Amino acid sequence: MNSQILGTGSYVPDQVLTNAELERMVETSDVWIRERTGIRERRIAKSGQPCSDLATRAGRQALAAAKLSASDLDLILVATCTGDSPLPATACLVQHHLGATRAAACDVGAACCGFLYALTIADAYVRTGARAVLVIGAEVMSVITDWTDRNTCVLFGDGAGAVVVGPTNDDVGIQAVRLHANGQLAHVIEVPGGGSRYPASEHIIQNKLPYIKMRGNETFKIAVKTMEEAVREVLAVTNVSIEQIDLFIPHQANIRILQAVGQRLGLPMNKTVINLDRLGNTSAASIPLAIDEAVRNGRIRKGMRVLIAAFGAGLTWGAGLIRW
Ligand code: ACO
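For reference, each letter of the sequence shown is one residue, going 1136 to 1459 in my numbering.
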């Protein structure tokens, strides 16, 4: 038995933050941001709008697309690094908002790679008998962004994407996923404060430790190398050639990373789905947001081979192949 995606959904906040507005906040320029990242604008959640709100809206849409009701769900997974609070899991709040009383619920923390990790767990749960798993990638990156740091504040955006995963006896769905991590490189991307190592305090806030710190250049090089390797691993295990890939849906961190990965793999850019120009880097939400957009605008069609790949803090990375 395989698991397949039965329905998709997404939600982005209405508020748009343009590069021109960022020019007024830090020393940067629209040209620099577009040329170095490919980002034109990003969405920002309303003040006080929590991750669970974004996640619930995306989840509800995915359920409707799958023609299932909340009571059909066996499990809800929310991939996020910006959950409502340390306790309880944001997925439990989503379970309550949806009224999915039968569903188990927990969060998955693998930063930008979180959706791929959560999808892998959903796939395994379905193979052991579950009928419907809701997998959501949801982030309010704006709350862990230091809006005075031009190295990071131009990059991130808020949003949520969701898929419902269920069983199939056909040879479609999730064909293979390969996941990796290297905690030795944890310092490359981190939010150092606010957890048990540096608990919340005035000192922590003054030193801006609850905000994202990233060694951008190092991240860039590792992201290109690891995503290429993970994709090659998935192609080898599924015995599929790069020419047989119909669509590539990578984590949306930087257009130059996506171009470099595509070039190394021999995958033309017209097969790559891009949303970072309008949404920025939405971390765990970027892949399900892109999947939902591609489904809704008809870019993903039945029978297609869809490749996904992600990279993020941890460090974590991986790739997967879905036969639609
Ligand atoms: N505007 C203007 N200048 C800037 C800005 C800005 N917003 N940000 C940095 N600069 C400057 C730097 O200070 C530096 O100046 P200097 O040469 O005088 O020191 C110069 O631009 C070049 O800086 P680099 O860091 O070398 O620029 P780079 O081309 O590498 O682009 C970027 C930086 C966009 C961050 C890129 O490295 C990148 O996208 N990295 C990958 C990010 C990523 O993949 N993240 C994914 C994980 S995120 C997660 O897991 C939550």
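Backbone N, C-alpha and C define an ideal beta-carbon position, used for all residues, glycine too. Predicted model, so just to flag it, every value in this text is computed and none were measured.
### Query
So the beta strand (DSSP E) N1137 belongs to, where does it begin and stop?
N1137 to Y1146
### Nearest neighbour of A1445, chosen from Q1398, I1380, V1366 and I1435 [CA to CA]
Considering only alpha carbons, the answer is V1366.
### Task
Would you kindly work out how many angstroms separate the C-alpha atoms of E1170 and A1257, rounded to a whole number?
37 Å
### Query
Taking the beta strand (DSSP E) that C1248 falls in, what are its first and last residues?
Where C1248 is concerned, there is no enclosing beta strand (DSSP E), given that its DSSP letter is neither H nor E.
### Task
Give the straight-line distance between the Cα atoms of N1317 and A1265, rounded to the nearest whole angstrom.
31 Å
### Message
Given the structure, does M1349 come close to ligand 1, in the sense that its CB is under 7 Å from one of the ligand's heavy atoms?
### Response
yes
### Message
Given the structure, does F1355 come close to ligand 1, in the sense that its CB is under 7 Å from one of the ligand's heavy atoms?
### Response
yes
### Closer than 7 Å: L1244 CB and nearest ligand 1 heavy atom
Sequence inspection shows Gly at residue 1244; the Leu mentioned does not correspond to that position. Using a cutoff of 7 Å, the CB of G1244 does not count as near ligand 1, since none of the ligand's heavy atoms is closer than that.
### Message
I'd like to check one pair, S1145 with D1412: are the Cβ atoms closer than 8 Å?
### Response
no
### Inter-residue spacing [alpha-carbon to alpha-carbon] between N1137 and R1332
41 Å
### Task
Use the C-beta contact count for I1340: other C-beta atoms within 10 angstroms, 16 or more gives buried, fewer gives exposed.
exposed
#### Entry: First through last residue of the alpha helix (DSSP H) which encompasses R1440
Per DSSP, R1440 belongs to no alpha helix (DSSP H); it is in the beta strand (DSSP E), R1440 to G1447.
### Task
Would you mind sorting E1378 into buried or exposed? The rule is 16 or more other CB atoms within 10 Å of its CB.
exposed
#### Entry: Helix, strand or coil at G1416 [DSSP, three-state]
The identity of residue 1416 in the sequence shown is Asn, whereas the question assumes Gly. Strand at N1416.
### Task
Helix, strand or coil for I1435, going by three-state DSSP, please let me know.
coil
#### Entry: Presumed contact (8 Å Cβ cut-off) between A1214 and G1142, rounded CB distance
A1214 to G1142, Cβ: 17 Å. No contact.
### Query
In chain order, what residues of the same chain lie with their CB nearer than 6 Å to the CB of I1347, ignoring the 5 residues before and after it?
I1279, T1287 and V1326
### Query
Hey, P1148 and I1179 are a contact pair by Cβ (cut 8 Å); roughly how many whole angstroms apart?
6 Å
### Task
To the nearest angstrom, report how far apart G1234 and D1165 are at their CA atoms.
43 Å
### Task
Report the option in V1270, H1322 and V1268 whose CA atom is closest to the CA atom of G1449.
Distance from the Cα of G1449 is smallest, within the candidate group V1270, H1322 and V1268, for H1322.
### Task
Output yes or no for whether 8 Å exceeds the beta carbon distance between T1225 and S1187.
yes
### Simplified DSSP state of I1409, which is helix, strand or coil
coil
### Task
Using the DSSP secondary-structure output, state which residues sit across from R1178 in a beta bridge.
V1151
#### Entry: Cutoff 8 Å; reference A1454; Cβ partners in own chain excluding five residues on either side
L1251, V1312, R1313, M1362, A1365, V1366, E1368, V1369, L1442, I1443, A1444 and A1445
### Query
Is the stretch 1383-1391 touching the stretch 1401-1416 in the sense that three or more CB pairs, one from each, lie closer than 8 Å?
yes
### Query
So, A1267 versus L1208, is the Cβ gap smaller than 8 Å?
yes
### Task
Select from V1229, F1383 and T1236 the residue whose C-alpha is nearest the C-alpha of I1435.
Measuring from the Cα of I1435, the nearest candidate turns out to be F1383.
### Message
For the alpha helix (DSSP H) containing V1300, name the first residue and the last one.
### Response
That residue, V1300, is in no alpha helix (DSSP H); its beta strand (DSSP E) goes D1293 to T1303.
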